[in-house]
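Peer 1: Below: one structure in structure tokens.
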Amino acid sequence: MLNEAAVKELNEIRQKYPNARAALLPALYIAQREFGHLSPEAYEAVSEILGVPKAIARGVATFYVMYKHKPMGRNIVQLCTNVSCMILGAEKLVDFLKNKHGLEPGGTTSDGRFSMVIMECIGACGTAPAMLVNDDFYENLTEKYIEEILGKYK
Amino acid sequence: MGKVLLKNIENPDSADINEYKKAGGYSNLPKALEKQPKEIIEEVKKAGLRGRGGAGFPVAMKWTFASADPKFPKYLLCNADEGEPGTFKDRPILEKNPHLLIEGMAISGYALGAEYGYIYLRGEYPEAKNILNRAIKQANDNGFLGDNILGKGIKFHLAVHQGAGAYICGEETALIESLEGDKGQPRIKPPFPVNVGVFAKPTVVNNVETLSNLPYIIEIGGDAYSKIGTPDCPGPKLYCVSGHVEKPGVYELPMGTILRDIIYTHCGGIKGGRKLKAVIPGGATTPILPPDKIDCPMDFVNMPKHGSMLGSGAVIVMDESVCLVKVCYRILKFLEHESCGKCTPCREGTGWLRSILGRVEGGEGMEGDIDLMLSVSGNMMGKTFCPLGDGAASVVQNFIKHFRPEFEEHIKNAKCRFK
Amino acid sequence: MIKVTINGKEIELEKPVTVLEAARSAGIKIPTLCYHEQLEKYGGCRLCLVEVEKIPRLQTACTLMVTDGMVVRTETPQIADVRRGILEFLLINHPLDCPYCDKAGECELQDLVEKYGPAKGRYKEKKRKAPESLEDPVFVRNMERCVMCTRCVRMCDGVQGASAIAIINRGGHSHMEPFSGGKYDCEYCGNCVSVCPVGAIMSRLHRHSYRPWQVKEKTETICPYCGVGCTVIAQVRDDSIKRVIPKIGSSVNNGMLCSRGRFGYEFVGSSERLTSPMIKKNGVLEQATWEEAISLTAKRLGEIKNKYGGPSIAGIASPRCTNEDNYVFQKFMRVALGTNNIDSTARTGYAGTQKFIENIFGQGATANIISGLSNSDSVLVIGGDPTAINPILGLQIRACSRKGGNILAIGHIKGLEKFNPVTVSPRFYTETLLLEGIVSALKNKKGLPGSIPALEAKIKDISTSAKEVENGCGIAEKDFIRFTDTLSESLTPSIVLGKDIAQSSGGSYKLMLISAINYLMNARIYLLSERANEQGVLDMGCAPDLLPGYRPLSFAEFRKRYENAWKSPISEKPGLSIFEMVDSAKSNALKALYIMGENPVFNLPNSKAVKAALKNVEFIVVQDIFLTETGKLADVVFPALSWAEKEGTFTNMERRIQRLRKAVNREGMEDWRIISEVAKNMGVKLDYSGAEEIFQEISRISPLHRDLTYEEIGKGGAIYPYKGEPLRGVMEDIQMHKGSSVNPDGKLYLRLERPLFHSGTLSTKAPALVKIYPEAVARVSPAVGEALSLKSGDMARVSTRTGSLELPVNIDNKLDNLSVMLTNNFEDKGAFSLMEYTIDPVTKAPVIDANEVKLEKVLA
Ligand SMILES: Cc1cc2nc3c(=O)[nH]c(=O)nc-3n(C[C@H](O)[C@H](O)[C@H](O)COP(=O)(O)O)c2cc1C
Ligand code: SF4
Ligand code: FES
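Residue numbers (numbering that gives the first Met the number 0), protein chains in the order written: chain A, 0 to 153; chain B, 0 to 418; chain C, 0 to 859.
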């Protein structure tokens, strides 16, 4: 079950829409934050509050790539490899993360510190290659710069 | 012409309402509220404003349909899903100039008779979410949004709805589905959103940049606005340039600026003085152009005449070091990943094309693969629900059309020489 | 009038339809996959693309509405190419395992490929793989074969309303899954299976056991389970039912079925079926010949009749047997044995409730069309979960909600919880007060119409305020007001009434209050009915006070009519009700009991006492398809033919008379024929050539069935009163009984659960249903569980004054803290074995809501 604060937050968001169903996407974000990932319990909690059947909620959630369906590391490295980043060397950075940090696309480091996700375009093409770590943008990446960035996240 | 959309963004506090006001912001909303909604739509019509989201649909026409529909309430949705690869033009508005968008939406909402608005923001812009939420709160506190805007008894509420990583949600009916808490799969049209949109009510979907033009149209009037840029396609335009240019970034220039000028004049030419190999002028799914085809005015009307499309104005510049088979493969991989899966040709075709391209790029192409790709694209083109499927087919067709020898070489030599 | 031209053919249409529908109406076939007439439009497969003049792009015929003057071409060479292209896309990832796939022969994809030509094998990559999923007891899922038409999901979510499955992931990686990813945990209606065009979801029951084209026998008949009476098609090979499917367009269920109807047929072929008559010798049942069993029965009944008189003999008829069986049975009792002692388990609630309501509103008051429910603007549900008891009727309530109607529920109704019901849940034993409150509120809002003075006299002094309801029932005043406001604003309301009301204390008083609500709201009332022919058994006169045609025995005029027709006197003395039979057995007054297709030792409350009473009876005959607990007590047991093995008719809760058709051959006799043989041996002529001749007699003499023929019924049923005479205006005084009040504080009560997956013990002989719901469980609330540190699955002992059972516990967070719910379906674990009852003096129904129960944890 969601804690009281989360339920309150969700009910406030719910008020922004004319019906409960429309609050499903934000509710899934909240549940993901509270449960770590969208576990069966997370769906049940959302379903209970919004009255959206849990199978349907799961169907919707899995359509979108930013919901997580398995436990993730504490920090999520989201590296873009789409065209603009690719032609400016994003793939080399993928290799770098793999070889140097054991971070494979879709994988999590054994210490649970990082998970890595390959992104489609994240809207930083003019400063490619780019990535998001959690909610923070990092642009004009180089191997050295990545090294520095990762050091900031524990 | 000074900057309109990117005005003041060098100011580190540009997102704050006071800075925005200092620079003349929120002076057009009161002016607009003096007018009748119909008059505003008339101004927009005179201005000749076309949607900046990709399709270039005349804005006033859409608004007229929605405002004529008797159903209430009406909704105004701002498409801030900006997902077309290569596109990053809306982001500076969202992050640095949110009040311009809010003012534009308040004006548009009034013109349409919409009392509720949502900004559908892509999940990949977490910073923008916080900035927008703060800006909306400031606007509410200052009476620019809410139940009684500027004491005029006009109501317009605005909220941010965050997407969760699905390019297709940029398509307006998919966006509506997603806002309703469903998968972002495009809807059957008709009925059109202007009549049966979000929550089954009349709905207008406009791009961030489109809506951000509104204060300026009010400021200078439709006639004056229509003199900017090209006659069929007036106004300022944001071009976002990435890839191998000296100075990539977002440029605000008059609509119809020549592609070559964008690359060579504004962006300082090809990086390191290398040779240009190809340009994708309007975002990854628009047709690629070879170097000899870049003397085209970048607007919605002229680009098709020159074999491509303006799309989102996302110019991706590639120099000689780039393997175009690889680029084509990467775009198809993207489209396969993003296909919503509703239509058979798109769901299956994108994956099939991606795998053939992967094979060719990896040196395992077979005799006949190029024709096979053309045939598969042909089986997709015109047979899908929304333009994503067509886009995928057209990417492959245009890459092959302009760069067939490069594909042939991969197959013949059974390897990629760019590796 | 809209004119369109399709393939050069001009078509005129009354109202706008899709191009596809227009084409079909003109006999032009357009291929489709994602389209299904029961489902919302989708337009995803793209197979129905057609050319439309003046529209540059190809259009999907399944979504495009026709407009006047439209010119469409559906079969040009270009379109054939397009379809070939789309089929190629569908096949690139589709396994070519048709020889192995059970769908081959009725696969829509296979048929289309056959029509448009096979793909050229241009796909060189590896196909998507997904192992066949056998995680579920009744479904096989094979997602490699899925064509993503989403019909299953649109069915489950949009029509069935179970919302148990969804398409997960996106694009080429998506597929259908139940929530768990494996097992379905759903309502198991299998309607997803019906609509799957390929072999992606199938029933496991007939896996690899036949090919569609090998099924020559396809018999249209009626489901044997509940009172809805769904049309089913039994597909049979070598006299074994391979599959039961619904039929699109059938009047009651239009292509839908529930779990029982679809998966519950296997009892027919059960190895436990009785195969030969048996006679008890020295306390042991031994096989006997038909002649022996028949002559012994005739002889013993004759002796007992001579010695003690006809009224010492009683008969129990069956709501699972046909009208014809029941008609012959009651005639036998009345004519050959000279007694009106005939009744059935309809007495446990249905009969009394119906009689009560019809007394006020006239005959046929409860005969309302099920499909009409969804057109109501509100449905008030009380006394049972319609989605479990009569699932197809339940769907109509869900559809009502989907169309914008309100569902009002008294007490939590599980199967409707996703449909935003406006619910008021009164505290235990305060339902009467709530109903009085509702009647008061409606009286205030609507006033008394003045048309039924007798009813008005009963309610004119009732005055219960919202505050009193709040204090008494524990329902917040504002919730109560919202409830009564919603109800009173309704213009076309319906009431759906379950048996729990008749079986609760003060049942007849509550029925009066519900009748008053019905009256004040001018509503339609539906009675939930648990057995397929519960209505028919009453219509046939298998009741101590009724003659065939639902005519009161007490009317001399009717008696005369039947005496003339049967050429035999009929006793004017009403017979014993089924409960009076038990009492009579207990006091040794009952000497013989003839039971057809019923298991009173299990299906009547306080079954231990029933059993003890029956042991006193000198001679018991049982006709059944299984050797039941009751059969074990019998002196003679006859094996009967089951539902699938005989002809006849059932009458459903709407009073639709429908044909049952023989689907499977089996040696043996129909129930009526066994009786007629016994009669013959007693020297009474009760001869018929077949069921149809019996029905001809019924339609000759029953005023309700007048002139009805098999031929006419065969067209999809006939609703009575057909050409018959309705019976109105014979109102007796409204009698009612308030029951005693109980203070339930701190106690637990045993209550009867009526599950979706079971029906009597019949369903427990259907392995698929048993796999879905394998055993009896005691359902309790989390608080009750916690107090005894019981988790779901833990064993508990459930005890009442009459005995105790050990059962696994199931925690249900929607249940109140006073109830222990238990089903009455599993042999030796039935709720009735723990329940005592009293009889409501008006409805004659057993009151079973006052059984205090003790729950203890059983340590492993
Ligand atoms: C596959 C697809 C993706 C799209 N993505 C976007 C987008 O990210 N942002 C956007 O503004 N419009 C996008 N569009 C266009 C929208 O459907 C719609 O035309 C636009 O939001 C209308 O606004 P406008 O008239 O202001 O351009 C997309 C269209 C398609 C078919
Ligand atoms: S074309 Fe592709 S993305 Fe668009 S609706 Fe069809 S499957 Fe979905
Ligand atoms: S039947 Fe029309 S698109 Fe599938």
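Virtual Cβ for every residue (Gly too), placed ideally from N, Cα, C.
Please report the distance separating the alpha-carbon of Ser250/C from that of Gly390/B.
Peer 2: Residue 250/C sits at position 251 when you count from the first residue of the third sequence. Residue 390/B sits at position 391 when you count from the first residue of the second sequence. Approximately 47 Å, taken between the alpha carbons.
Peer 1: Considering only residues of the same chain and omitting the five flanking positions on each side of Gly122/B, which have a CB-CB separation below 7 Å?
Peer 2: As a first step, residue 122/B is located in the second sequence; it is residue number 123 there, counting from the start. If we look at Gly122/B and ignore the five residues flanking it on each side, its Cβ neighbours are Gln161, Gly162, Ala163, Gly164.
Peer 1: Determine, for Gly58/A, whether the minimum Cβ-Cβ distance to residues of chain C falls below 8 Å.
Peer 2: The residue you call residue 58/A lines up with position 59 of the first sequence. Closer than 8 Å: yes.
Peer 1: Between the alpha carbons of Ser698/C and Glu691/C, how many angstroms are there, rounded?
Peer 2: Within the third sequence, residue 698/C is the residue found at index 699, counting from 1. Within the third sequence, residue 691/C is the residue found at index 692, counting from 1. So the two alpha carbons sit approximately 10 Å from each other.
Peer 1: Nearest by alpha-carbon distance to Leu519/C: which of Leu526/C, Lys442/C, Arg750/C, Glu562/C is it?
Peer 2: Residue mapping note: residue 519/C aligns to position 520 of the third sequence, counting from 1. Taking only the C-alpha atoms, the option nearest Leu519/C is Lys442/C.
Peer 1: If we ignore side chains and look at the alpha-carbon of each, how far apart do Val192/C and Leu75/B end up?
Peer 2: Stepping through the third sequence from its first residue, residue 192/C is reached at position 193. Stepping through the second sequence from its first residue, residue 75/B is reached at position 76. Rounded to the nearest angstrom, the two C-alpha atoms are 41 Å apart.
Peer 1: Got a sec, what are the start and stop residues for the beta strand (DSSP E) Ala123/A sits in?
Peer 2: Along the first sequence, one-based indexing puts residue 123/A at 124. Neither: Ala123/A is in no beta strand (DSSP E) and is coded neither H nor E.
Peer 1: Quick one: what does DSSP say Thr141/A is sitting in, helix, strand or coil?
Peer 2: Numbered from its first residue, the first sequence carries residue 141/A at position 142. If DSSP states are grouped into helix, strand and coil, Thr141/A belongs with coil.
Peer 1: Determine whether the Cβ of His427/B lies closer than 8 Å to any Cβ atom of chain C.
Peer 2: With chain B represented from 0 up to 418, any question about residue 427/B goes unanswered, as that position is not in the structure.
Peer 1: Roughly how many whole angstroms lie between the Cα atoms of Leu210/B and Leu331/B?
Peer 2: On the second sequence, position 211 is the one that residue 210/B refers to. On the second sequence, position 332 is the one that residue 331/B refers to. So the alpha carbons of these two residues sit roughly 31 Å apart.
Peer 1: Rounded to the nearest angstrom, how far is the Cβ of Gln502/C from that of Asp815/C, given a contact under 8 Å?
Peer 2: On the third sequence, position 503 is the one that residue 502/C refers to. On the third sequence, position 816 is the one that residue 815/C refers to. Actually they do not touch by this definition, with Cβ atoms about 17 Å apart.
Peer 1: Quick one: what does DSSP say Gln234/C is sitting in, helix, strand or coil?
Peer 2: Working through the third sequence from its first residue, we reach residue 234/C at position 235. In this structure, Gln234/C counts as strand in the three-state DSSP scheme.
Peer 1: Measure the C-alpha to C-alpha separation of Phe398/B and Lys276/B and round it to an integer number of angstroms.
Peer 2: Counting from one through the second sequence, the residue named residue 398/B turns up at place 399. Counting from one through the second sequence, the residue named residue 276/B turns up at place 277. Between Phe398/B and Lys276/B, the C-alpha separation is close to 12 Å.
Peer 1: Only counting the same chain, and skipping five residues up and downstream in sequence, which positions put a Cβ closer than 8 Å to that of Gly728/C?
Peer 2: Here residue 728/C refers to the residue found at position 729 of the third sequence. Any reading at Gly728/C must be qualified, since the residue scores a pLDDT of 49, below 50, and its modelled position is unreliable; no value is offered.
Peer 1: For the region 42 to 58 of chain A, which residues have a beta carbon sitting closer than 8 Å to at least one beta carbon of chain C?
Peer 2: Tyr42, Gly50, Pro52, Lys53, Ala54, Ile55, Arg57, Gly58
Peer 1: Answer yes or no: does any C-beta atom of chain C fall closer than 8 Å to that of Phe113/A?
Peer 2: Against the first sequence, residue 113/A aligns to sequence position 114. Closer than 8 Å: no.
Peer 1: Quick one: which residues of the region 327 to 344 of chain B get their C-beta closer than 8 Å to a C-beta of chain C? List them in chain order.
Peer 2: Glu335, His336, Glu337, Ser338, Cys339, Gly340, Lys341, Cys342, Thr343, Pro344
Peer 1: Distance, Cα to Cα, Tyr166/B vs Cys151/C?
Peer 2: Against the second sequence, residue 166/B aligns to sequence position 167. Against the third sequence, residue 151/C aligns to sequence position 152. Taking the straight line from one Cα to the other gives about 26 Å.
Peer 1: Going by Cα to Cα distance, which pick from Thr220/C, Ile240/C, Ile221/C, Glu219/C is closest to Gln213/C?
Peer 2: Locating residue 213/C in the third sequence gives position 214, counting from the first residue. The shortest Cα separation from Gln213/C among Thr220/C, Ile240/C, Ile221/C, Glu219/C belongs to Ile240/C.
Peer 1: Quick one, are the C-beta atoms of Ile232/C and Lys215/C less than 8 Å apart?
Peer 2: Along the third sequence, read from residue 1 onward, the residue named residue 232/C stands at position 233. Along the third sequence, read from residue 1 onward, the residue named residue 215/C stands at position 216. No, the Cβ-Cβ distance between Ile232/C and Lys215/C is not below 8 Å.
Peer 1: Roughly how many angstroms lie between the CA atoms of Phe299/B and Glu208/B, to the nearest whole one?
Peer 2: Taking the first residue of the second sequence as position 1, residue 299/B is located at position 300. Taking the first residue of the second sequence as position 1, residue 208/B is located at position 209. Taking the straight line joining both Cα atoms gives about 15 Å.
Peer 1: Can you list, in chain order, the stretches of the beta strand (DSSP E) that have 3 or more residues and sit fully within the region 198 to 226 of chain B?
Peer 2: 202 to 206
Peer 1: Give the residues of chain C in contact with Pro61/A, contact being defined as C-beta atoms less than 7 Å apart.
Peer 2: For this step, residue 61/A is matched to residue 62 along the first sequence. Per the sequence shown, residue 61/A should be read as Thr rather than Pro. The answer, in chain order, is Ile167, Asn168.
Peer 1: Could you list the residues in the region 406 to 419 of chain C with a C-beta less than 7 Å from some C-beta on chain B, going in chain order?
Peer 2: none
Peer 1: Report the option in Tyr593/C, Gly540/C, Arg658/C, Phe694/C whose CA atom is closest to the CA atom of Val677/C.
Peer 2: Here residue 677/C refers to the residue found at position 678 when the third sequence is read from its first residue. Among Tyr593/C, Gly540/C, Arg658/C, Phe694/C, the Cα nearest to that of Val677/C belongs to Tyr593/C.
Peer 1: What does the alpha-carbon distance come out to for the pair Phe825/C and Leu755/C?
Peer 2: Locating residue 825/C in the third sequence gives position 826, where the first residue counts as 1. Locating residue 755/C in the third sequence gives position 756, where the first residue counts as 1. In a straight line, the C-alpha of Phe825/C is about 14 Å away from that of Leu755/C.
Peer 1: Can you check DSSP and say which residues form a bridge with Thr763/C?
Peer 2: Against the third sequence, residue 763/C aligns to sequence position 764. None; Thr763/C has no bridge partner.
Peer 1: Is the CB-CB distance between Leu659/C and Ile221/C below 8 Å?
Peer 2: The residue given as residue 659/C occupies position 660 in the third sequence. The residue given as residue 221/C occupies position 222 in the third sequence. Their beta carbons are under 8 Å apart, which means Leu659/C touches Ile221/C by this criterion.
Peer 1: Kindly say whether Lys40/C, judged by its beta-carbon, lies nearer than 8 Å to any beta-carbon of chain B.
Peer 2: On the third sequence, residue 40/C is found 41 positions in, with the first residue counted as 1. Under the 8 Å criterion on CB atoms, Lys40/C is classed as interfacial with respect to chain B.
Peer 1: Just the C-alpha distance for Glu628/C and Val600/C, rounded to the nearest angstrom, thanks.
Peer 2: Walking along the third sequence from the start, residue 628/C turns up at place 629. Walking along the third sequence from the start, residue 600/C turns up at place 601. If I take the Cα positions, the gap works out to 6 Å.
Peer 1: Which of the residues in the region 169 to 199 of chain C, read from start to end, lie with their CB under 7 Å from any CB of chain A?
Peer 2: Answer in chain order: Arg169, Pro177, Phe178.
Peer 1: Between Tyr122/C and chain B, is any beta-carbon pair separated by less than 8 Å?
Peer 2: In the third sequence, counting from the first residue as 1, residue 122/C sits at position 123. Closer than 8 Å: yes.
Peer 1: Using 8 Å for Cβ pairs, my map puts Asp110/C next to Tyr183/C. What's the rounded Cβ distance?
Peer 2: On the third sequence, residue 110/C is found 111 positions in, with the first residue counted as 1. On the third sequence, residue 183/C is found 184 positions in, with the first residue counted as 1. With a Cβ gap of about 28 Å, Asp110/C and Tyr183/C do not count as contacting.
Peer 1: Between Phe191/B and chain C, is there a C-beta pair that is closer than 8 Å?
Peer 2: Along the second sequence, read from residue 1 onward, the residue named residue 191/B stands at position 192. Taking Cβ atoms only, chain C never reaches closer than 8 Å to Phe191/B, which makes this a no.
Peer 1: For Lys151/A, which residues in chain B fall below 8 Å Cβ to Cβ?
Peer 2: By 1-based counting over the first sequence, the position of residue 151/A is 152. Simply none; closest approach about 16 Å.
Peer 1: How about Ile934/C and Ile315/C: are their beta carbons less than 8 Å apart?
Peer 2: Missing from the structure shown is residue 934/C; chain C here goes from 0 to 859 and no further.
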